[in-house]
Amino acid sequence: MKALWLPILILPLATLGHAQKETLPAFEQFNVAETFKGKPATPKIIRNHRSYRTQIREGAAKGPNFAGHYTIAEWGCGSSCVSIAIIDAKDGSVYDGPFNVLSFASPLKYEGKYSSTGEGFEPLSYRINSRLLVVRGCPQEENCASYFYEWADSRFKLIRKIPAVEVKP
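The end of the sequence shown is residue 885 by the numbering used here, with every number in the run present.
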């Protein structure tokens, strides 16, 4: 009788392992039709962006690096911490990122392979020809995870979240 229960116990465990190996959102799935060529518009700084106007202006001046005609401007906010704004190179509109502050100092592993303390760790991944933004860290210093966002209608839409795991010493 025990032999009959074994497949019933193994099948859910095998399914769980399969669920963890699902394909992650890929940059190629969120391609843009064209990329902006030309001089970027001057950012339109509004009240809640004034504290970071220099970082926003400097980032925008470099030209688009995200979703065809947008620039993600990044700046540090302390040790192992980053903040961002998104600037439209066509009209200068400035948008908030999906977090105010992203920390990544804790020794964590993201997506089972990226160590926050490893050499070359990148908390943000994005491309000029894609609407996908990958964020690895702890927004507002909590809920540490890998977040996959799609940029659509001038805002970020969360597609998937994968909790980070502690790195064992």
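Using N, Cα and C, we set each Cβ at its ideal position, and we do this for glycine too.
- A Cβ-Cβ contact shorter than 8 angstroms links N781 with I788.
- Here A789 carries a strand assignment [DSSP, helix/strand/coil].
- When DSSP states are grouped into helix, strand and coil, E866 belongs to the strand group.
- The beta carbon of D812 is closer than 7 angstroms to those of A801 in its chain, skipping five residues each way along the sequence.
- With respect to I844, T751 sits close: the two C-beta atoms are nearer than 8 angstroms.
- Around the beta carbon of L874, fewer than 16 other beta carbons sit within 10 angstroms, so the residue counts as exposed.
- Remark: C-beta atoms of I762 and V810 approach each other more closely than 8 angstroms.
- Taken through DSSP and simplified to helix, strand or coil, E744 comes out as helix.
- The alpha-carbon separation between G779 and V748 amounts to approximately 16 angstroms.
- When secondary structure is reduced to three states using DSSP, E774 falls in the helix class.
- According to the DSSP secondary-structure assignment, S767 is paired through a beta bridge with no residue.
- When rounded, the separation of the alpha-carbon atoms in F743 and Y842 is 8 angstroms.
- Bridge partners of S799 according to DSSP: W791.
- In this model, G784 and S862 are separated by some 23 angstroms (Cα to Cα).
- Counting along the chain, the unbroken beta strand (DSSP E) around C854 starts and ends at L848 to P855.
- Counting every other CB atom within 10 Å of its CB across the protein chains shown gives S799 a total of 16 or more, marking it as buried.
- Bounds of the beta strand (DSSP E) holding R876 are R871 to P879.
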